[in-house]
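Chains as they are written, first to last, in my numbering: chain A, 1 to 271; chain B, 272 to 646; chain C, 647 to 952.
Ideal placement from N, C-alpha and C gives every residue a C-beta, glycine not left out.
What follows is a short report on a single structure.
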């Protein structure tokens, strides 16, 4: 053959059509979050379309809305305590699961991950039944205990993931250089698995902070968390103050997403 | 005779009851300042031995003695050793200086002194200028040197190297070989070096322990294990070798000061030759080892003692050497000859083989593993 | 001599301290890992095992709508939901909702997952993150967003009336349609995540190979791409199904009281009617349904995998 033909890709109409479809599906996926942004800045007195001008009054209303502030306080306190407890319980357990050999290992690991397989409504019911007689309903202790079960799997999983990808010879090197077990953990293991621990911690925080079902069952009447307050508000009112609040909640989630994506990748942490 | 720096006595490791031991009643004496290579194929127990000496693994039985003190029960962090890992195992969250200072910190050396010693150690590996770098930014060779500095800065009782060169590319490996050896000689650190690479062991070590199946087949200097292999395994693992079964005839004289003798030996199908071996072998059957490059090849029958006539069956040209396989009767012998600029020998050509009696060595023992199987 | 012919090695005398050090280390290790596991195990015992066990026990008690619980051991609480046509309807509705949401969710997630699995763009990581990030936002907030979109004065109805396409607003909330739309979107990230993990075997080379062998675009999709995706699609469907039948927030808010599924029924029995044994029995039924589906799924995946 004397001259090669210049290869020219034929225009394929299926490609942009598929692209458009994917774009529309992304839009669908993000629609409820985007719409909340729009509504939160709209001046309409009641929820309606189209937006009639721009306002920040809904954001201004938030600090005066006692229930929101109270709910925010409860949710923050609960989420922080839950995060600390779950890290304290989960990181050592993950360490045992990765760095030691024992017979029931697979079973123990499945047990730690099993709360994710149980519908939260079922767990929530079990908790309110058990906590009622123990006088734990409507207390911080009750909500915190309730959230520990559903957040521990995340910490175990992300920490295990970090442990599995680290080189154990770093720990061996530290021991040979004279470090005892605790020093090895504090100076070598913990810094190396830090991404997994941080990812697990912030996921535990946001799962607890956003959790509504267990909180609703365990503490609706006495110590409502923010998601419970929002739930009630949405059922009863039609103004956009809750949109402003939702935007703030979304931004907190976004911060968590960014942290997790940075330290270990969202997909790895959530699979 | 000097006291050993390290004595290993009957060291045994069995990973599970009923399994063949990974290390089987191993005994070894290491002199102060020596670099000893544990050489063998994977699974021979060399790394297990090293990890037991380091304290990273418990022996099933036996003892380890350093400087006359038994340390078998001493926990790993109290043994005062230095180790370089195959993966270097640098702490990824610390910079170079912090990595090197870690062992000193653990020993609670005063800060000022730490600084000076870290700087000296980094200078020793010629990386004084990289102290503030993160370890990730360094090349493999640099990481290797940092790991060496980190192990040596604590002035370890023993320096343990676990296949430290296996992650480097071929060129760098040779540079690092020389460098590790020269640093080791300067610091006079008694060193155990695990490797599966015979060239590395021959080049660097004062003594080589050739291991196979959890046992030491031979412990000796590089020339000893190469020139005077004790067993078939050693001769075969280190360098290349032709093996011939020989009936040992009469002793024909003293060969050297080491007490070896010349013998007349007979190899079935090839004839009678001169060979060398330890005293008292007359009348027995032993294996004869001849290295390919000690086998003289000529393409025409020349003068000298009657050479073996054969036919070239394979020719392999590698630039600096020419390997030929010569068929003599039933036997196929491997030989090497220098390359020549003229015509290369071709398959089917006639070739004439000869060797000096000094280069045909009678193996004294059938091999430790074979002995164990026969026992 | 071969290994097989070798006579058995004579029993060597064992050193008297043989294995002593190993056993000591093993004991120390066991103490260490037990100490490390214990807090977590206790935490799960208190927050997970006890509540579930107590609930199962409660389901055999005698309850009544006035909140009096008689401690006993009866199956009445199970007989009622299994015989009362109302609860059959609730269970069937729940099941039907799960199937609808599962199918729709797989349909809308598949193109996104396929796109992400094949993408070689440098923004692929970011696009994956965006697709699954909604997992970490509050279900309440996302459901609220759907109320704003689907409500009587919401985005959809305002747009349609504004354009003159309809006169009276469509009823998209306080019914199953709204709940379904909301759930499909809320579970999309789960489906996408399950699919891109399940599409591991899908490689462009396979599709190109099929193309080079003469298969048309359509044939390549139906004969190569789709079969390879099938395990991922199945996983996604079952995951979404299982999540849908147990979800509470969205049916409650978007259903506005007129959508009754098992989860809302459990809530009403618990907080409204205080019939705890009955709520517990419904929960156990839900759990059994769950277990069955997971068991079926595992058999199916084993079949497909083998």
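Measuring only the C-alpha atoms, how far is residue i from residue j?
i             : j             : result
residue 555/B : residue 523/B : 15 Å
residue 411/B : residue 439/B : 7 Å
residue 236/A : residue 681/C : 49 Å
residue 314/B : residue 772/C : 45 Å
residue 915/C : residue 213/A : 15 Å
residue 27/A  : residue 191/A : 39 Å
residue 694/C : residue 857/C : 52 Å
residue 22/A  : residue 705/C : 47 Å
residue 633/B : residue 545/B : 10 Å
residue 220/A : residue 34/A  : 29 Å
residue 835/C : residue 99/A  : 33 Å
residue 165/A : residue 179/A : 22 Å
residue 600/B : residue 492/B : 36 Å
residue 619/B : residue 582/B : 6 Å
residue 44/A  : residue 781/C : 30 Å
residue 488/B : residue 298/B : 11 Å
residue 176/A : residue 422/B : 9 Å
For residue i, count neighbouring Cβ atoms within 10 angstroms of its own Cβ and tell me buried if that reaches 16, exposed if not.
i             : result
residue 647/C : Per-residue confidence for residue 647/C stands at a pLDDT of 34, beneath the threshold of 50, marking its modelled position as unreliable; no derived number is given.
residue 543/B : exposed
residue 48/A  : buried
residue 295/B : buried
residue 744/C : buried
residue 147/A : buried
residue 471/B : buried
residue 812/C : exposed
residue 12/A  : exposed
residue 669/C : exposed
residue 379/B : exposed
residue 198/A : buried
residue 937/C : exposed
Which bits of chain B does residue i rub up against, with CB to CB less than 7 Å?
i             : result
residue 169/A : 356, 358, 360
residue 188/A : 362
Name, please, each residue of chain C whose Cβ falls closer than 7 Å to the Cβ of residue i.
i             : result
residue 330/B : 667
Would you say residue i and residue j are within 8 Å of each other, going by their C-beta atoms?
i             : j             : result
residue 860/C : residue 152/A : no
residue 553/B : residue 519/B : yes
residue 257/A : residue 785/C : no
residue 580/B : residue 623/B : yes
residue 832/C : residue 788/C : yes
residue 825/C : residue 928/C : no
residue 68/A  : residue 245/A : yes
Mind pulling the chain B residues with CB within less than 8 Å of residue i?
i             : result
residue 664/C : 283, 331, 332
residue 671/C : 329
With distances taken Cα to Cα, identify the nearest neighbour of residue i among the options.
i             : options                    : result
residue 25/A  : 699/C, 689/C, 760/C, 666/C : 760/C
residue 362/B : 207/A, 233/A, 189/A, 107/A : 189/A
residue 87/A  : 68/A, 268/A, 201/A, 113/A  : 201/A
residue 97/A  : 75/A, 127/A, 159/A, 233/A  : 159/A
residue 776/C : 226/A, 242/A, 29/A, 246/A  : 29/A
residue 527/B : 328/B, 548/B, 583/B, 566/B : 548/B
residue 674/C : 224/A, 59/A, 101/A         : 101/A
residue 566/B : 424/B, 493/B, 625/B        : 625/B
residue 490/B : 289/B, 306/B, 517/B, 421/B : 306/B
residue 17/A  : 718/C, 798/C, 830/C, 757/C : 757/C
residue 59/A  : 172/A, 197/A, 260/A, 247/A : 247/A
residue 288/B : 317/B, 300/B, 304/B, 331/B : 331/B
In chain C, which residues lie less than 9 Å from residue i when you measure between Cβ atoms?
i             : result
residue 217/A : 913, 916, 917
residue 343/B : 667
Could you tell me which chain A residues have their CB closer than 9 Å to the CB of residue i, listed as they occur along the chain?
i             : result
residue 307/B : Going along chain A, no residue has its Cβ under 9 Å from residue 307/B, so there is no contact; the nearest lies around 18 Å.
residue 892/C : 118, 119, 120, 121, 122
residue 425/B : 177, 178
List the residues of chain A that residue i touches, going by C-beta distances under 7 Å, in chain order.
i             : result
residue 378/B : 178
residue 347/B : 175, 176
Against residue i, what residues of chain A qualify as contacts under a CB-to-CB distance less than 8 Å, listed in chain order?
i             : result
residue 799/C : 46, 47, 48, 49
residue 686/C : 89, 90, 92, 93, 112, 152, 156
Could you list which residues in chain B have their beta carbon closer than 9 Å to that of residue i, in chain order?
i             : result
residue 172/A : 322, 325, 327, 347, 354, 356, 360
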